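Engineer:
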Amino acid sequence: MSSDFLNINNISKSFGSVEALKEITFSVEKGELFGLIGPDGSGKTTLIRILITMLFPSTGNAQINGLDIVKDFKKLRNLIGYMPGKFSLYEDLTVEENLKFFATIFNTKIKDNYYLIKDIYQQIEPFRNRKAGNLSGGMKQKLALSCALIHKPDILFLDEPTTGIDAVSRVELWEMLKRLKQQNLTIVVSTPYMDEAQLCDKVAFMQKGEVLEINTPQRIVEDFDLPIYSVSGKDYYKLLLALRKMDITNTAFPFGESIHLTIKEEMNPEDLNGKIRKFTDQNTVTKRIKANIEDCFMAKMLKKDE
Amino acid sequence: MKAFWAFVKKEYYHIIRDPKSLLILIGMPIAQIILFGFAITNEIVDAKISIVDNSKDKITQKISNKILSTKYFLLSEYLQDSKQIEGSFRKGKIKLALIFEQDFAKKLRNKENPSIQIISDATDPNTAATLTNYISKILIDYQNEIQLTTKTSKGIEIISRMEYNPQLKGVYLFVPGTIVIILMLISAMMTSISIAREKEKGNMEVLLVSPLKPYMIIVGKVIPYIFLSLVNALSILILGVFVFDLPIRGDYFLLLFEITLFIVTSLSLGIFISTKVKSQQEALLISLMGLMLPTIILSGFVFPLESMPKILQYISHIIPAKWFLIIIRDIMIKGVDITYILNETLILIGMMIALMVLSIKNFKIRLE
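These protein sequence lines map, in sequence, to chains A and B. Everything in the first sequence is counted per the numbering used here, starting at 1 for the first residue and increasing by one. Everything in the second sequence is counted per the numbering used here, starting at 1 for the first residue and increasing by one.
1) Taking 8 angstroms as the CB-CB limit, is residue 219 of chain B close to chain A?
2) What does the alpha-carbon distance come out to for the pair residue 177 of chain B and residue 301 of chain B?
3) The alpha helix (DSSP H) spanning residue 271 of chain A covers which residue range?
4) Going by DSSP, what residue range makes up the alpha helix (DSSP H) through residue 174 of chain B?
5) Taking the beta strand (DSSP E) that residue 301 of chain A belongs to, which residues open and close that run?
6) Residue 24 of chain A to residue 10 of chain A, Cα distance in whole Å?
7) Between the alpha carbons of residue 330 of chain A and residue 160 of chain A, how many angstroms are there, rounded?
8) Determine, for residue 359 of chain B, whether the minimum Cβ-Cβ distance to residues of chain A falls below 8 angstroms.
9) Roughly how many angstroms separate the alpha carbons of residue 203 of chain B and residue 83 of chain A, rounded to a whole number?
10) Between the beta-carbon of residue 99 of chain B and the beta-carbon of residue 82 of chain B, is there less than 8 angstroms?
11) Going straight from the alpha carbon of residue 1 of chain A to that of residue 31 of chain A, what length do you get?
12) Using a cut-off of 9 angstroms between C-beta atoms, extract the partners of residue 363 of chain B located in chain C.
13) Does residue 35 of chain A come out as helix, strand or coil in the three-state DSSP assignment?
14) I'd like to know whether the C-beta of residue 111 of chain A is nearer than 8 angstroms to at least one C-beta of chain B.
15) Taking all protein chains shown into account, do 16 or more other C-beta atoms lie within 10 angstroms of the C-beta of residue 355 of chain B, making it buried, or fewer, making it exposed?
16) Kindly indicate if chain A contains any beta-carbon less than 8 angstroms away from that of residue 6 of chain B.
17) My output table needs one value for residue 317 of chain B: the three-state DSSP class, helix, strand or coil.
18) Considering only the alpha carbon of each residue, which of A:66, A:29, A:7 lies closest to residue 47 of chain A?
19) Looking only at its chain, what residues have a beta carbon closer than 6 angstroms to the beta carbon of residue 89 of chain B, apart from the 5 residues adjacent to it on each side?
20) Going by DSSP, what residues sit across from residue 260 of chain A in a beta bridge?
21) Is DSSP giving residue 120 of chain B helix, strand or coil here?
22) I believe residue 293 of chain A touches residue 198 of chain A by the beta-carbon criterion, under 8 angstroms. Please report the beta-carbon distance rounded to the nearest angstrom.
23) Would you list the residues sitting across from residue 83 of chain A in a DSSP beta bridge?
24) Go to residue 58 of chain A, then tell me how far its beta strand (DSSP E) extends in each direction, as first and last residue.
25) Comparing C-alpha positions only, which one of B:238, B:214, B:190 sits nearest to residue 228 of chain B?
26) Considering only the beta carbon of each residue, do residue 272 of chain B and residue 133 of chain B sit closer than 8 angstroms?
27) Using the beta-carbon of each residue, which ones in chain A are nearer than 7 angstroms to residue 205 of chain B?
28) Does DSSP put residue 216 of chain A in a helix, a strand or coil?
29) Can you give me the C-alpha to C-alpha distance between residue 13 of chain A and residue 345 of chain B, rounded to a whole angstrom?
30) Are residue 374 of chain B and residue 357 of chain B touching if we call contact CB-CB under 8 angstroms?
31) Assign residue 92 of chain B to one of two classes, buried (16 or more other C-beta atoms within 10 Å of its C-beta) or exposed (fewer than that).
32) Rounded to the nearest angstrom, what separates residue 376 of chain B and residue 76 of chain A at their Cα positions?
33) Can the beta-carbon of residue 42 of chain A be found closer than 8 angstroms to that of residue 209 of chain A?
34) In three-state DSSP terms, what is residue 363 of chain B?
35) Rounded C-beta distance between residue 212 of chain B and residue 349 of chain B? I'm assuming under 8 angstroms.
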């Protein structure tokens, strides 16, 4: 596995009696866009902080480009780009001053690596004399990303970059990450939003400090083996409660306009719809669908909880 | 090295772009020195007194006039009976009462010793002691006068002289004291808060991941504050000299050197605090409670250390401000050279080195 850029072996981390991470093992290839997906408190931030050499693992080890995260932390800190979940630039410095500051402390100049951040920085350049504290949430993220990239790191860690910013900025941010990937940059990004999983090359789904599944989003979806249907009706909430009471129901989750229903055995959608209409007294529409990534994660989480 | 200067520049921006804090930092020392200078003074003027003159002769009259003609005392009233004094004290009408015994002049002529009783309101002990002192002084003067004219033996004459500060001016006390407090406050408190802010806001994480070395972060933090503290020290000194006629009898460069030494010691203390705290609030509380109060109380600025219990005297040894106060008073007011304050200087240097080593050892290059 010589192509692996980041190797994590059996990393565990406890804070006192709390086990934040339990025997995490996976690897990330060079140039991969790797997603850490999981709800709040699942250990994503702790794992990233261990990888950027900010925390010691309790047991286990990890290497980035062959450098150990504990022993070679000084060398590693030059290779790592890091964007914390909390906005951590200087709010009383202007956009340009922030960028210049981070370029200088990483012993580089803005113009040396400008090509890397050009796409991103151009969007905030009109505001370069504005104080960072006065930027909107999305622009703050763009500035933070520019600052994390300015020293041309080999690997970029982003901790929940899309939390708390608007939908448009979220889409933009993912597009930026995709473009950065083309520069052969390895990117590890954490997010609590499951729908963002399909934008990654590979994802690790985390819950309660454990990795439940690691795979490409496509494989995760293909591996889903339960019959799944989308059901929509007039009284959404009543329908959901009713579906959950049906004896053939495995799971029923709200999903946008419709409800995603998995049942124990494959059925013809028309037959199923008839059954549902009878059971719920509602004029429902039922379609057989392909599972999306969220369905897969929901199923995984439930399985784990049982 | 470029990275280091970028860091210093950033710190400079932080200070400059927060005009409110800057105004406080620069304005506070000036306001304090003016307050101390004009509002707080040990001199008492126009204290109201009552006189019970049981003799009513020429001499008692003369003594009374002498006392009342000074700027220190004003007559409230002549009382007929010493029993009325209690009432006047209770009403707060007077601060002090004088009782001349009967046949004062006659006794004096007969070479007996007539007595004057001085009763003062010691609810405020400092005022009482000061007023009693004034009166005693006036009486001694008068005694000397009559002894000269009558050519009797003087007995033992006490000549006291207040060396270095003959007029017992308050400025001699509070200008060095204010410098100590201001420097401690700005250096230790501001650095500990500003480092704690980086931690609290999550900036420290990013700085630590950068190749910036920990000592660069620390030194970069303190350089702007060294300048700010020096500006403050100088403005206090200039005010002291030009507004309050404070002398600087010692060597200017020695004084500047010692001030810088104390600033760096306080800064190291601030950094040390910041390595132990997680938030700005914690840093503020510890610097205020843990530094300000001991500095004011145990440095010898407000209360003389010699009259404190032994245990407090020992504690005062670990307070840098105590040593610096000795140094700065000796240089400014006594005008001594380095050989006289070598011990104190070495102690400060020792404290500075110990604090720096502790800070760098405790400075966390990780989040735990």
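Here a beta-carbon is modelled for each residue, glycine too, at the ideal position from N, C-alpha and C. Just so it is clear, the structure is predicted and the values come from calculations on it, not from any experiment.
Structural biologist: By the coordinates alone:
1) Interface with chain A (8 angstroms Cβ-Cβ cutoff): residue 219 of chain B is excluded.
2) Those two C-alpha atoms are separated by around 5 angstroms.
3) 269-280
4) 171-184
5) Segment 293-305 is the alpha helix (DSSP H) holding residue 301 of chain A; no beta strand (DSSP E) there.
6) Those two C-alpha atoms are separated by around 5 angstroms.
7) With chain A represented from 1 up to 306, any question about residue 330 of chain A goes unanswered, as that position is not in the structure.
8) no
9) 10 angstroms
10) Cβ atoms of residue 99 of chain B and residue 82 of chain B: closer than 8 angstroms.
11) Low confidence applies here, because residue 1 of chain A scores a pLDDT of 44, under 50, leaving its location unreliable; read the following figure in that light. Approximately 15 angstroms between the Cα atoms of the pair.
12) The chain inventory of the structure shown lacks chain C, comprising the protein chains A and B.
13) strand
14) For residue 111 of chain A, the answer is no, since every Cβ of chain B falls outside 8 angstroms of its Cβ.
15) buried
16) yes
17) coil
18) A:7
19) 121
20) A:230, A:253
21) strand
22) Yes, they are in contact, since the Cβ atoms of residue 293 of chain A and residue 198 of chain A sit about 5 angstroms apart, within 8 angstroms.
23) DSSP output for residue 83 of chain A lists A:158 as bridge partner(s).
24) Counting along the chain, residue 58 of chain A sits inside no beta strand (DSSP E), nor does DSSP assign it H or E at all.
25) B:190
26) Taking a C-beta distance under 8 angstroms as the contact criterion, residue 272 of chain B and residue 133 of chain B do not qualify as a contact pair.
27) 54, 84, 88
28) coil
29) 48 angstroms
30) Because chain B here runs from 1 to 368, residue 374 of chain B falls outside it and cannot be looked at.
31) exposed
32) Examination of residue 376 of chain B is not possible in this model, given that chain B is present from 1 through 368 alone.
33) yes
34) coil
35) Contact between residue 212 of chain B and residue 349 of chain B is ruled out by a C-beta separation of about 28 angstroms, above the 8 angstroms threshold.
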